[in-house]
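Following: one structure in structure tokens, then a few remarks.
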Amino acid sequence: MDDCIFCKILKKEIPSEIVYEDDDLIAFNDISPKAKTHILIVPRKHIDTIKDLKEDEADEELVGKMVLAARNIAKEKNLDGYQLLFNVGRSAGQIIFHIHLHLISNG
Ligand code: 5GP
Ligand code: ZN
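In the working numbering, the protein residues as written are 2 to 108.
Structure (structure tokens):
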């Protein structure tokens with residue numbers, strides 16, 4: 002998606018503080034952190050919202066990988082407790098329409 006900020010971050014056209022990346026996803030620090038740790042886990046595949054996920058193996062696997070990546074990053078950073086959050090739709094506060102999982106923690 003040409004006008005998508007997260008696609009531009011994925012293509013490294015916009016800089017970000019990357020904390021993890023692999024063939025399927027990238028994780029970087031939120032530009033406006035809501036807690037001591039605030040990381041966004043973003044799939045390389047552009048999908049507007051959680052509502053647009055397909056009921057197929059590829060999307061099931063992708064969402065599973067996002068959650069496991071968040072868990073692994075939290076483990077590596079020795080975070081005890083954390084929140085994993087998807088904002089879904091404008092009315093729920095979604096600003097960037099490229100799915101992303103927020104990993105938020107103060108410890
Ligand atoms: P949403 O409200 O869509 O679930 O969350 C979007 C998040 O992306 C927000 O927490 C916002 O601070 C973050 N964000 C927006 N633009 C940028 C950017 O250019 N770089 C980074 N690192 N984060 C961004
Ligand atoms: Zn995108």
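Each residue gets a CB set at the ideal place from its N, CA and C atoms; glycine is no exception.
Contact check, D60 vs L54, beta carbons under 7 angstroms = Taking 7 angstroms as the cut-off, the Cβ atoms of D60 and L54 count as close.
Count the C-beta pairs between the segment 5-16 and the segment 34-47 that are closer than 8 angstroms, then say yes if the count reaches three, no if not.
-> As far as the Cβ criterion goes, the segment 5-16 touches the segment 34-47, which means the pair count is three or higher.
Can you tell me which of the three DSSP states V89 falls into?
-> The answer is coil: DSSP assigns V89 none of H, G, I, E or B.
Does any heavy atom of the ligand 5GP sit closer than 6 angstroms to the C-beta of N107?
-> For the ligand 5GP, not one heavy atom lies less than 6 angstroms from the Cβ of N107.
Short check: CB of I51 to CB of V89, under 7 angstroms?
-> Yes, Cβ-Cβ distance for I51 and V89 is below 7 angstroms.
Assign A71 to one of two classes, buried (16 or more other C-beta atoms within 10 Å of its C-beta) or exposed (fewer than that).
-> Buried.
Hey, which unbroken runs of the alpha helix (DSSP H) at 4 residues or more fall wholly within the segment 11-91?
-> If we require 4 residues or more, the alpha helix (DSSP H) runs fully inside the segment 11-91 come out as 58-77.
Using a threshold of 6 angstroms, is the CB atom of N88 nearer than that to any non-hydrogen atom of the ligand 5GP?
-> Within the cutoff, so yes.
By how many angstroms is the C-alpha of D31 removed from the C-alpha of S17?
-> Going from the Cα of S17 to the Cα of D31 covers about 9 angstroms.
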